[in-house]
Each structure stands twice: as C-alpha cells, then as structure tokens.
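The working numbering numbers the first residue of the sequence shown as 7 and each following residue consecutively. For each residue, glycine too, the CB sits at the ideal point set by N, CA and C. Structure first, then comments.
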Amino acid sequence: MTAQTIDGKAVAQQLRADVARRAALLAAAGHQPGLAVVLVGDDPASQVYVRNKVKACEENGLFSLLDRLPADVTEDALLARIAELNTDARIDGILVQLPLPAHIDSHKVLEAIAPDKDVDGFHVANAGALMTGKPLFRPCTPYGVMKLLEAYRVPLAGAEAVVIGRSNIVGKPMALLLLEAGATVTICHSKTRDLIAHTQRADIVVAAVGRAKMLKGEMLKPGAVVIDVGINRDENGKLCGDVDFDSVVNVASAATPVPGGVGPMTITMLLVNTLEAAERKRPSPQA
Ligand SMILES: Nc1nc2c(c(=O)[nH]1)N[C@@H](CN(C=O)c1ccc(C(=O)N[C@@H](CCC(=O)O)C(=O)O)cc1)CN2
Numbered sequence: 007m008t009a010q011t012i013d014g015k016a017v018a019q020q021l022r023a024d025v026a027r028r029a030a031l032l033a034a035a036g037h038q039p040g041l042a043v044v045l046v047g048d049d050p051a052s053q054v055y056v057r058n059k060v061k062a063c064e065e066n067g068l069f070s071l072l073d074r075l076p077a078d079v080t081e082d083a084l085l086a087r088i089a090e091l092n093t094d095a096r097i098d099g100i101l102v103q104l105p106l107p108a109h110i111d112s113h114k115v116l117e118a119i120a121p122d123k124d125v126d127g128f129h130v131a132n133a134g135a136l137m138t139g140k141p142l143f144r145p146c147t148p149y150g151v152m153k154l155l156e157a158y159r160v161p162l163a164g165a166e167a168v169v170i171g172r173s174n175i176v177g178k179p180m181a182l183l184l185l186e187a188g189a190t191v192t193i194c195h196s197k198t199r200d201l202i203a204h205t206q207r208a209d210i211v212v213a214a215v216g217r218a219k220m221l222k223g224e225m226l227k228p229g230a231v232v233i234d235v236g237i238n239r240d241e242n243g244k245l246c247g248d249v250d251f252d253s254v255v256n257v258a259s260a261a262t263p264v265p266g267g268v269g270p271m272t273i274t275m276l277l278v279n280t281l282e283a284a285e286r287k288r289p290s291p292q293a
C-alpha cells in the first residue's frame, strides 16, 4: 500500500476562494474584514509565517495591519498596543505571533486580546467555549486538520484517534475537536509509556510534538491516516515534520506532507476565523 498524499495546498485553495467571495460581499456592504498581526522580535520562522498571513489576507480581500515590535519591547507597551487594537473598528481579528521573548508573559498577552477578536482561539474564554462544545473561534491548526479530514472523507465517529503532543495551541484543542466529531481520543506526550502500543491501534494519528521524523511506519496500524503538524529542520537544514514520511507512506492509507499539508491550512483557517468575526458583526446580504 502507498499512502495517498493529503494535499493541504489544494484544500486551502478551495477554502480561500470562498473566503474571497464572502470578503468581497462584506467590502461591498461597507466593511472589509480586517486582521491585525503583531510580531515581536525577529525570529526567522515567525517572520515567514507572518508574511504568509499578511500575503494571504491581501490575496483574498481582507485588510491586514502588521505591527512589528522590537524584541526588547516592554510587556506594558505590548499590552497597550493590544488595547488599541481591541477598540479599532477596522479590526475584526487580532493575533500575536508566538513564541514571544522570555521577558514577556505570553498568558497575560493572550488574555489581553478581546475574546471576540481572538481569531487564534487562545483566550481562556475561547478555550473554555471549545471545551464545552460551543466554540467562538477554533484554533487555526486543529481547525485546519479537521477540514483536511473532512475533505478526504476520513470517518471520525467511533474512530480511534491518537494525538501526540499536548500543547495549548495544537494538541489539546485538536483532541477536543476530534472528540466533538465522535472519535475516541488518546493524548500521548513526553511522559507516555509505550507510545507504540497507542499509535499501533489508531485509525488516525496526529503528530504535534516538534521532534523531526519521530513517527515511523512500524509505529502504525496498516491503513492509518497520518496528520503531520510538525515544523522542524532535518540534519541538512531541510524543512521536515514530526513524521518520517518515507517510512510512513508504505503503511498509512493517507498522510499529510511537510511542507504542503497542515501549514497552508493554518493560514487559511485564520482567514476563515477573521471573516466570520466580521460577518458576525455585519451579516452580508447574500452570504
Ligand atoms: N499566534 C500564533 N502563533 C503561532 C501559531 C498560531 O497558530 N498562532 N502557529 C505556529 C506557526 N504557524 C502559524 O503562525 C504556522 C506554521 C507553518 C505555516 C506554513 O505555512 N508552513 C508551510 C511551510 C512554511 C515554510 O516554508 O517554513 C507548510 O507547512 O507548507 C503556517 C503557519 C506557531 N506560532
């Protein structure tokens, strides 16, 4: 068996076409959806991601505002800027690019974003809403994974799903979204004993640990669906995921590549969250 490649770029393109259509309707009705992106410091990877976010807004009819702040910006100055964006009528969505420098309390910063503009879905109010099954915003990467599973008609009700990683921005919300879809979910992490015993019984494995090529073919049940959320560099400095794609492709039924899998979906679902924030304030006539 050779796994089908789950093409995140193609699914992203389809969803962005709908975003562009709906954004044009809102703009014609007098309000272009607006996203504010705050980047602190000069982390090279963060600069790539922020550039991709702003470019995707421009290409799909959303207004975007990029605030680049120096790495030594004070926490109070960052909080003050967020407060300004919270009341800026042009702005429907706000994100602060993670990670932040060590001298800044990320939790305090994320809590400063108005929950109804928190298009990353990281505010505790939105994390709680997600946990109770009534999310305002779903975090972009897990949301994108769900859209890929939907696009490839992967059955979720009753499926055994294993999420490897327990971060607040991917692992935990990923598990909750799979649970809401009817999967039986196991979250594995650095303290998990016998990881393979879990992954070998999984119909779906989501790898989100940040360890290059950690998930191998022999760790899977034949026919499993593998979603790679990892963003790593291999020994040659080449971008790779948490999945050893070359070994997994001979065992899995479908798998996402890195690049070209989950990453484009993360950006796309950010556009969707921003658009829906604008629509909630100003329903467009023919949405
Ligand atoms: N405020 C946030 N910070 C971070 C988030 C987030 O959702 N909100 N997630 C990650 C990084 N991330 C989004 O910011 C992200 C990562 C990767 C990609 C992407 O398009 N990857 C491409 C390859 C890009 C490259 O060439 O390096 C792909 O996989 O095809 C988009 C967004 C942490 N921070």
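In this structure, the C-beta of residue 54 approaches ligand 1 to less than 6 Å from one of its heavy atoms. Not one heavy atom of ligand 1 falls within 6 Å of the beta-carbon of residue 88. In the DSSP annotation of this structure, the continuous segment of the alpha helix (DSSP H) that includes residue 150 starts and ends at 146–157. The alpha carbon of residue 233 has as its nearest neighbour, out of 208, 242, 241 and 243, the alpha carbon of 208. DSSP places residue 73 inside the beta strand (DSSP E), whose first and last residues are 69–75. Shown here for residue 97: same chain residues with a beta carbon closer than 6 Å to its own, the five before and five after excluded, namely 40, 42 and 91 in chain order.
Excluding its 5 nearest sequence neighbours in each direction, residue 128 has C-beta neighbours in its own chain below 6 Å: 116, listed in chain order. Not one heavy atom of ligand 1 falls within 6 Å of the beta-carbon of residue 228. Residues of the same chain with a CB within less than 7 Å of the CB of residue 74, apart from the 5 flanking positions on each side, are 45 in chain order.
Cβ-Cβ distances below 6 Å link residue 21 to 274 in the same chain, with the five nearest sequence neighbours on each side left out; the list follows chain order.
DSSP, read as helix, strand or coil, puts residue 166 in strand. Counting only unbroken stretches of 4 or more residues, the alpha helix (DSSP H) elements lying wholly within the region 92–135 are 112–118, in sequence order.
The three-state secondary structure of residue 57, taken from DSSP, is helix.
Taking every protein chain shown into account, the CB of residue 256 has fewer than 16 other CB atoms within 10 angstroms, so this residue is exposed. By the criterion of a C-beta distance shorter than 6 Å, residue 135 is surrounded in its chain by 141 and 142, once the five residues flanking it on both sides are discounted. Judged by DSSP in its simplified three-state form, residue 261 adopts strand.
If you look at residue 24, you'll find it in the alpha helix (DSSP H) that goes 14–34.
Of the residues assessed, residue 114 falls on the exposed side of the cut-off, its CB having fewer than 16 other CB atoms within 10 angstroms.
Distances between the C-beta of residue 194 and the heavy atoms of ligand 1 are all 6 Å or more.
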